[in-house]
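Right, one structure below, let's go through it.
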Amino acid sequence: MKPHQLFTIFFIFLISCNSSPDYEQEIKNKIAEFYSIAEAKEYSPISFSELDTIQNLVDPGNGELIRLTGVIVHEFSAKANNGSIQNYKETFDVTIFKDAIIVLPKEK
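Residue numbers (the numbering used here): 12 to 119.
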């Protein structure tokens with residue numbers, strides 16, 4: 012195996028280790044907060060996909076996260092305009108910085 016291939020494999024391993032459960036819980040909390048602010052009636056989460064990473068920037072000097080971007084799909088139930096409870100699916104853009112996580116609904 013060539014040195015650059017070994018470095019690439021090591022770098023991919025490092026990237027996969029940077030997605031901690033703390034990030035996942037904070038993302039879920041921010042999504043729930045979004046529906047609270049949007050006043051979704053009888054909102055109830057059903058499931059969250061794994062964070063699908065689009066880009067991950069790491070400081071090559073110390074290996075710390077600079078920015079990670081990705082998407083997460085969230086399924087939930089809420090009261091529809093006609094009064095019935097229905098299931099919905101929404102995709103969110105996620106950007107994680109060292110000190111902040113930004114979660115926004117993806118434009119359709």
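Yeah, the Cβ is synthetic: ideal placement off N, Cα and C, and Gly gets one too. In this text, all values refer to a predicted model and were calculated from it rather than measured experimentally.
Going by beta carbons, S47 and F87 fall outside the 8 Å limit. Rounded to the nearest whole angstrom, the CA to CA distance from Q36 to Q66 is 20 Å. Distance between S60 and A49, taken at the CA atoms: about 21 Å. Distances from the alpha-carbon of G74 to those of K100, K109 and A89 put K109 closest. Between the beta-carbon of K90 and that of I83 there is about 23 Å, and that puts the pair past the 8 Å contact cut. Here T64 is near G81, since their CB atoms are less than 8 Å apart. In the DSSP annotation of this structure, K109 is not part of any beta strand (DSSP E), being labelled neither H nor E.
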